[in-house]
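Quick note: the sequence shown uses the numbering used here, first residue 156, plus one each step. Where is the CB? At the ideal position from N, CA and C, for every residue including glycine. See below for the structure under consideration.
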Amino acid sequence: MYALTIPAPGGPEALVWAEVPDPVPAPGEVLVDVAASAVNRADILQRQGFYDPPPGSSPYPGLEVSGRISALGEGTTGWEIGQEVCALLTGGGYAQKVAVPAGQLLPVPQGIDLVTAAALPEVTCTVWSNVFMIAHLRPGETLLIHGGASGIGTMAIQLAKAVGARVAVTAGGPAKLERCRELGADILIDYREQDFVAELHKATDGAGADVILDIIGAKYLKQNVKALAVNGRIAVIGMQGGVKGELNLGALMAKRGAITATTLRARPEGEKAAIVSAVREHVWPLLESGRIRPVVDRAIPMHEAEEAHRVIEAGVHVGKVLLLG
Numbered sequence: 156m157y158a159l160t161i162p163a164p165g166g167p168e169a170l171v172w173a174e175v176p177d178p179v180p181a182p183g184e185v186l187v188d189v190a191a192s193a194v195n196r197a198d199i200l201q202r203q204g205f206y207d208p209p210p211g212s213s214p215y216p217g218l219e220v221s222g223r224i225s226a227l228g229e230g231t232t233g234w235e236i237g238q239e240v241c242a243l244l245t246g247g248g249y250a251q252k253v254a255v256p257a258g259q260l261l262p263v264p265q266g267i268d269l270v271t272a273a274a275l276p277e278v279t280c281t282v283w284s285n286v287f288m289i290a291h292l293r294p295g296e297t298l299l300i301h302g303g304a305s306g307i308g309t310m311a312i313q314l315a316k317a318v319g320a321r322v323a324v325t326a327g328g329p330a331k332l333e334r335c336r337e338l339g340a341d342i343l344i345d346y347r348e349q350d351f352v353a354e355l356h357k358a359t360d361g362a363g364a365d366v367i368l369d370i371i372g373a374k375y376l377k378q379n380v381k382a383l384a385v386n387g388r389i390a391v392i393g394m395q396g397g398v399k400g401e402l403n404l405g406a407l408m409a410k411r412g413a414i415t416a417t418t419l420r421a422r423p424e425g426e427k428a429a430i431v432s433a434v435r436e437h438v439w440p441l442l443e444s445g446r447i448r449p450v451v452d453r454a455i456p457m458h459e460a461e462e463a464h465r466v467i468e469a470g471v472h473v474g475k476v477l478l479l480g
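Written out as structure tokens, the structure reads:
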């Protein structure tokens, strides 16, 4: 098969489309012929040499795919050859084939086409596990999403609205904020022009956000604590603004607040399977009913992934950027 390899870390041009050995499904795995993958920030970090795959996983980037099952590993049950699926991966999605633990598979939702389904696994699993399983967002609460126009953000807006929460977003510029509004966001903050803490407090009569979904990290740590409501929860899922910040524990304690920080890729297989199962139970019905939908900015041929990475790094997209297998 062919896959996008990284012979040496570097810029987008470091991605090389090359012939590599076909993967073989281990017991409990399936082999998927890839229809599409999607670009995530983790892929860019891996390409740059800052985020190595976990030991034993595929060396190729790509944390989600859609496609058709072409082979079953020994002892794998509940899935059939030819079935259309999408999958959460530890790596290997930038390829024509990938082996996936059966517990990380999801059927393509009714009403969603096979290619578009590649936009779903990473965002739904990330948002559901952090916002709902860990931070326990409840109806009537306020969720602040940093990067509301991103793949994560566009899904988080919709899921939060579906459960009856109020949604605030930060995004760069009127066009992106308008897209967030169309998806249901109630409070729109242009981080380039506005102080998000002041704007959030103004919109919530000083109460702040009950849950904050943060892709920035260190740069926003102090401001996030200020923006937090009493008994609020901060879920850190990215470090685009750095890895080290100063935390005022007194301010956090005064809010009776909590901060969690997680990654999805390195979690044990059993934990991923539990998240995937919860997503299938809670999120898939919302997709199939049309209450929420994947947001796709554009689809680019996989062998031209260099261009897709440039789009993500430039920040000109809304939603997901797909790679066509």
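Item to complete: Measure the Cβ-Cβ separation of A362 and A384 and say whether it is below 9 Å.
Response: Yes; because the gap between Cβ atoms is below 9 Å, this pair is in contact.
Worksheet item: Relative to the C-alpha of L407, which residue among R388, Q259, L170, A173 is closest?
Response: Nearest to L407 by alpha-carbon distance, out of R388, Q259, L170, A173, is R388.
Discussion item. Please classify S221 as buried or exposed, where buried requires at least 16 other C-beta atoms within 10 Å of its C-beta.
Written reply: Label assigned to S221: buried.
Item to complete: Output the residue ranges of the beta strand (DSSP E) runs that lie fully inside the region 299-372 and measure 3 residues or longer, sorted by chain position.
Response: Fully enclosed beta strand (DSSP E) runs of 3 or longer: 321-326, 342-345, 364-369.
Discussion item. As a quick exercise: from H464, I414, D452, P216, pick the residue whose alpha carbon is nearest that of T271.
Written reply: The candidate whose alpha carbon is nearest that of T271 is D452.
Worksheet item: Under 9 Å, do G295 and A320 count as touching if we go by C-beta distance?
Response: A contact, by the Cβ cut-off of 9 Å.
Fill in: Beta-carbon spacing of L159, Y249 below 9 Å
Taking 9 Å as the cut-off, the Cβ atoms of L159 and Y249 count as close.
Worksheet item: In angstroms, rounded to a whole number, what distance separates the CA positions of V491 and K377?
Response: No information on residue 491 is available, as it lies outside the stretch 156 to 480 that the chain covers here.
Worksheet item: In its own chain, which residues sit with a C-beta less than 8 Å from the C-beta of V125, not counting the 5 before and 5 after it?
Response: Nothing can be reported for residue 125: it is not among the residues displayed for the chain, which extend from 156 to 480.
Item to complete: For the beta strand (DSSP E) holding K475, just list the boundary residues, first then last.
Response: Run containing K475: 475-479, per the beta strand (DSSP E) assignment.
Worksheet item: Based on the DSSP secondary-structure assignment, which residues constitute the bridge partners of P456?
Response: Per DSSP, L479.
Worksheet item: When DSSP builds the beta bridges, which residues end up paired with K252?
Response: DSSP lists D188 as partners of K252.
Discussion item. Once DSSP output is grouped into helix, strand and coil, what is the label at N386?
Written reply: Here N386 carries a strand assignment [DSSP, helix/strand/coil].
Practice prompt. Could you name the residues of the same chain whose beta carbon sits closer than 7 Å to that of V263, not counting the 5 residues immediately before and after it, in chain order?
Written response: Hits under 7 Å: S221, E239, V240, C241, L269, A272.
Worksheet item: Between the region 404-419 and the region 432-443, do at least 3 Cβ pairs fall closer than 8 Å?
Response: Using a C-beta cut-off of 8 Å, the region 404-419 makes no contact with the region 432-443, since fewer than three inter-stretch Cβ pairs fall below that distance.
Worksheet item: If you draw a straight line from the alpha carbon of G397 to that of R420, how long is it in whole angstroms?
Response: Annotation: G397 to R420 spans about 19 Å, alpha carbon to alpha carbon.
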